[in-house]
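Inspection log for the structure reproduced underneath, given as structure tokens.
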Amino acid sequence: MSIVGGVDIHRKQLAFDYVEQETGRWERGRVAPADRQHLADWLVRFDGVEDVQFAMEGCTGWRYVAEEMRAAGVVPQLAEPAETSALRGRKRRAKTDRADAKLLRELLATGRLPGCYIPPSPVLEWRALLELYHDLRGQHSGWAQRIHATCFHQGTTGLSIRPLRTRRGPSVLSGARPWDGIR
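Here it is in structure tokens:
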């Protein structure tokens, strides 16, 4: 037996739509809340099924969904969001989670899914770390300026991040020149 389906990912729920190819049995619904445990519990229903494939858009949250699917023996297929939207055509009625999941299922079943590459787990880990580092470096100057502005608002010329040592031990942060300790 083979199953083809689509999953629409959101922060609060995962909408699904799948069909058993041989019997034509169709099912749709949602997994809520959208977390690893509830998804893993839902994927248990596919134990023992030889060929199970689900399509999902490459949006926020796709990584954990793909990891859970792989762990359950389900083949995840990642769709490129812009091309998938273009294949939807002109908007004739309201777009819903059900409609998105159904579209993904239909595109996967007919072989028209605009696929994306899913990198191996080590590559995904490195990407996540580098993106975090990049974001932190980008915010550094803004936070330093905010600290300086707050200190100036309080009537000091700056703030030394390095604690001063006294005979009694380290003291609290002291006022100093704005360029001391903040780089």
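For the sequence shown, my numbering assigns the number 7 to the initial residue and increments by one for each residue that follows.
Glycine included, C-beta positions come from ideal geometry on N, C-alpha and C.
- Contact check for Leu20 and Arg36: beta-carbon distance about 6 Å, within the 8 Å limit, so the pair qualifies.
- Taking the CA atoms as reference points, Ala134 sits about 13 Å from Pro126.
- Note that the C-beta distance between Leu93 and Arg111 is not below 8 Å.
- If you draw a straight line from the Cα of Thr102 to the Cα of His16, it comes to about 12 Å.
- Distance check between Gln27 and each of Gln83, Leu114, Ala77 places Leu114 closest, using alpha-carbon atoms only.
- Between the alpha carbons of Ala61 and Glu137 lies a distance of about 25 Å.
- Arg42 sits away from Ala107, with the two beta carbons spaced by 8 Å or more.
- A direct Cα-Cα distance of roughly 21 Å separates Tyr70 from Tyr139.
- Beta-bridge partners of Arg36 (DSSP): Ala21.
- Secondary structure of Ala77 (DSSP, three-state): helix.
- Residue burial is scored here from C-beta neighbours: Glu131 has fewer than 16 other C-beta atoms within 10 angstroms and is therefore classed as exposed.
- By alpha-carbon distance to Glu63, the top candidate from Gly121, Thr29, Thr116 is Gly121.
- Its chain contains Gly12, Thr90, Leu93, Arg94 as the residues whose beta carbon lies nearer than 8 Å to that of Leu109, once the 5 sequence neighbours on both sides are disregarded; these appear in chain order.
- Sequence-distant partners of Phe52 (beyond 5 residues in either direction) whose C-beta falls short of 8 Å from its own C-beta, in its chain, are Ile9, Val58, Ala78, Gly79, Val80.
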